[in-house]
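Each remark here refers to the structure printed beneath this line.
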């Protein structure tokens, strides 16, 4: 097994992030070669609330992203998604009349762990010269298909499912609760840390008219009194199920300079998994974690920055416990500091040390499988968030925590 | 356990079907039927692995067998499930799921239900023993209870 250096940033002391970043070896990186230049979102709905099909939501998000980038839809020549998106690139390309398709790409695995990696793949394609304008998109209308929160209930099961489903163990919440409980045990983490993440997302959604939970604030009392789904997760620790779509346009850094909006340059992206994280029946050796042990050092190394340089984080909330673990693994606090660091004051705009999920995210804006988090991360760099972090220069997306395949993205102004 | 409460969870749960699964799964279920706990083990390098796989992750050998191990372990993590994700579970919540580590078998882990008071928090690292839950349909589930 390759031993990564872990998070150590002594060599950067005394330098600004721009100086440190310039000194970082940029062989083998996509650093500063591509940028997000167009953002598109549909209206966000409660599950079952979309009046149009999921495919049409995908079309609308892509068209809006192209319009925002100031390019005709037909100029999009690459399409990338993740999580087994049902709206295949070849159908999208034909339906939207794309002149040519140079890239049809999907990040494997069914979870939200692919969202940052899908943008990373788009950036790589642009940097390698495969395509000029890659649209990364995700459309998800859970009201029109199956619910992610439900477990499959077949009469009989084969293979690895035999070791979990007969014991009533099979939903995403049930899988990640076990990892979270182990993490809480190892580091004496209290429920308050999880509550702070939920409260932060709901707080930020109150400033965001697009958010499904806009106008529906969450108090700590409501959180505590909400029903358990699976301990240690209350109802409000779990993401929503929604209908919506979102998309971004990725192009080269050179082209980005002449486009209508301030580019969000792709500083680094990491994707993958640690040693045997996909070992079945919960046999991943590094278990009480969100699976960023090998990715986070790689991400910072590629960008040439340290955690303290990051101004704002969008951390995929499948479940709050996984967000807490992610923040620790990305070096924002040591494991033993979790209870102190993960509090409402630190995680919220405008005064917090590290505002997270500033649009409301998967918990309170809309569960577009995390694609809405990428849009918000780029918006923070542009300076147009409804919870705009002052002088925001570096914006992070953490995707899919505590699932076997995860990814990260760093953007800068 | 009393006969009216023979199973941890109600009837109607998905049933394991080893016969329709790949052959490298069979050893576990055959052993459980005999009230024995078995873990897959590489015949070349003696590495334990679970869930079972077609190849040994350590030495890449394909010659894998099943080793009978002491039916004991310790609780590595646990959860109490309140939301019934299967129709059959509507009346059965809350129920406990435990992740049990087998230190004497390479530290592999298994999922099961914990027998006993479902409202009491199980101790992490608490010692547990396997309980073999025979089902009339011809399979046996490995469940767990705290050692006295």
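Chains as they are written, first to last, in this note's numbering: chain A, 553 to 965; chain B, 1398 to 1545. For every residue, glycine included, the Cβ atom is placed at its ideal position computed from N, Cα and C.
Pick from the options that is closest to residue i, judged by C-alpha positions
i, options, result
"residue 745 of chain A", "A:757, A:756 and A:732", "A:732"
"residue 1541 of chain B", "B:1434, B:1491, B:1420 and B:1452", "B:1434"
"residue 920 of chain A", "A:564, A:600, A:792 and A:716", "A:792"
"residue 735 of chain A", "A:915, A:878 and A:625", "A:878"
"residue 1440 of chain B", "B:1528, B:1447, B:1454 and B:1458", "B:1458"
"residue 570 of chain A", "A:594, A:622, A:844 and A:862", "A:862"
"residue 959 of chain A", "A:909, A:667 and A:829", "A:667"
"residue 884 of chain A", "A:786, A:848, A:630 and A:961", "A:848"
"residue 912 of chain A", "A:925, A:905, A:903 and A:902", "A:925"
"residue 865 of chain A", "A:964, A:738 and A:636", "A:964"
"residue 1431 of chain B", "B:1404, B:1543, B:1544 and B:1538", "B:1538"
"residue 786 of chain A", "A:748, A:607 and A:844", "A:748"
"residue 928 of chain A", "A:573, A:589 and A:572", "A:589"
"residue 956 of chain A", "A:636, A:641, A:573 and A:664", "A:664"
"residue 867 of chain A", "A:724, A:708 and A:949", "A:949"
"residue 716 of chain A", "B:1407, B:1488, B:1507 and B:1533", "B:1507"
"residue 844 of chain A", "A:874, A:646 and A:940", "A:874"
"residue 945 of chain A", "A:954, A:952 and A:930", "A:930"
Proximal residues of chain B, C-beta to C-beta of residue i below 8 Å
i, result
"residue 833 of chain A", "1447, 1448, 1506, 1507 and 1508"
"residue 737 of chain A", "1474 and 1521"
"residue 742 of chain A", "What residue 742 of chain A touches in chain B: nothing, since even the nearest Cβ is about 14 Å away."
"residue 782 of chain A", "1476, 1477, 1478, 1479 and 1480"
"residue 747 of chain A", "The contacting residues do not exist; residue 747 of chain A stays about 17 Å from chain B at best."
"residue 703 of chain A", "1482 and 1483"
Amino acids of chain B, ordered along the chain, whose beta-carbon sits closer than 7 Å to that of residue i
i, result
"residue 712 of chain A", "1448"
"residue 779 of chain A", "1479"
"residue 699 of chain A", "Per Cβ cutoff of 7 Å: no residues; residue 699 of chain A is ~10 Å from chain B at best."
"residue 716 of chain A", "1508"
"residue 734 of chain A", "1473 and 1474"
Nonlocal neighbours in the same chain, by C-beta distance under 6 Å from residue i, ignoring five residues either side
i, result
"residue 1398 of chain B", "Here residue 1398 of chain B scores only 39 on pLDDT, less than 50, and its place in the model should not be relied on; the value that follows carries that caveat. Cβ within range, chain order: n/a, list empty."
"residue 694 of chain A", "599 and 793"
"residue 969 of chain A", "A question about residue 969 of chain A goes unanswered here, because the residues of chain A that appear run from 553 up to 965."
"residue 632 of chain A", "657, 670, 673, 674, 686 and 688"
"residue 630 of chain A", "654, 655, 677, 683 and 686"
"residue 799 of chain A", "592, 613, 614, 617, 687 and 689"
"residue 937 of chain A", "910 and 931"
Collapsed DSSP secondary structure at residue i in the structure displayed
i, result
"residue 1401 of chain B", "Interpretation of residue 1401 of chain B is limited by its pLDDT of 44, a score under 50 that renders its predicted location unreliable; the figure taken from the coordinates is listed afterwards. Correct three-state label for residue 1401 of chain B: helix."
"residue 948 of chain A", "strand"
"residue 898 of chain A", "helix"
"residue 746 of chain A", "helix"
"residue 850 of chain A", "helix"
"residue 1409 of chain B", "coil"
"residue 728 of chain A", "helix"
"residue 960 of chain A", "strand"
"residue 715 of chain A", "helix"
"residue 692 of chain A", "strand"
"residue 1540 of chain B", "strand"
"residue 1507 of chain B", "strand"
"residue 892 of chain A", "helix"
"residue 943 of chain A", "coil"
"residue 582 of chain A", "coil"
"residue 1531 of chain B", "strand"
"residue 555 of chain A", "Low local confidence applies: a pLDDT of 45 at residue 555 of chain A is under 50, so the model's placement there is unreliable, with the coordinate-based value given in what follows. Residue state, collapsed to three classes: coil."
"residue 683 of chain A", "coil"
"residue 933 of chain A", "helix"
"residue 1526 of chain B", "strand"
"residue 920 of chain A", "coil"
"residue 1494 of chain B", "strand"
Close Cβ partners of residue i (< 8 Å) along its chain, the five nearest in sequence each way excluded
i, result
"residue 1421 of chain B", "1437, 1449, 1450, 1451 and 1461"
"residue 585 of chain A", "675, 678, 679, 804, 805 and 818"
"residue 1471 of chain B", "1497, 1498, 1500, 1522, 1523, 1524 and 1525"
"residue 828 of chain A", "835, 836 and 837"
"residue 809 of chain A", "815"
"residue 626 of chain A", "648, 649, 650 and 651"
"residue 1505 of chain B", "1436, 1445, 1446, 1447, 1498 and 1499"
Same chain, Cβ closer than 7 Å to residue i, neighbours up to 5 away in sequence not counted
i, result
"residue 561 of chain A", "858"
"residue 750 of chain A", "770, 775, 788, 789, 872 and 915"
"residue 610 of chain A", "639, 644, 689, 691 and 797"
Chain-ordered neighbours of residue i on chain A, where CB pairs are closer than 8 Å
i, result
"residue 1494 of chain B", "719, 720, 721, 726 and 730"
"residue 1414 of chain B", "708, 709, 710 and 714"
7 Å Cβ cut-off: residues of chain A touching residue i
i, result
"residue 1514 of chain B", "Chain A residues near residue 1514 of chain B: none, gap ~15 Å exceeds 7 Å."
Requested in this report: List in chain order: all unbroken alpha helix (DSSP H) runs of 4+ residues lying wholly within the segment 584-661 of chain A.
Outcome: 606-621 and 641-647
Requested in this report: Would you list, in sequence order, the uninterrupted alpha helix (DSSP H) runs of no fewer than 4 residues that lie entirely inside the segment 1414-1491 of chain B?
Outcome: 1423-1430
Requested in this report: Would you list, in sequence order, the uninterrupted alpha helix (DSSP H) runs of no fewer than 4 residues that lie entirely inside the segment 735-823 of chain A?
Outcome: 743-757, 772-777 and 805-808
Report task. At 3 residues or longer, and completely inside the segment 863-887 of chain A: list those beta strand (DSSP E) runs for me, N to C. Result -> 864-867
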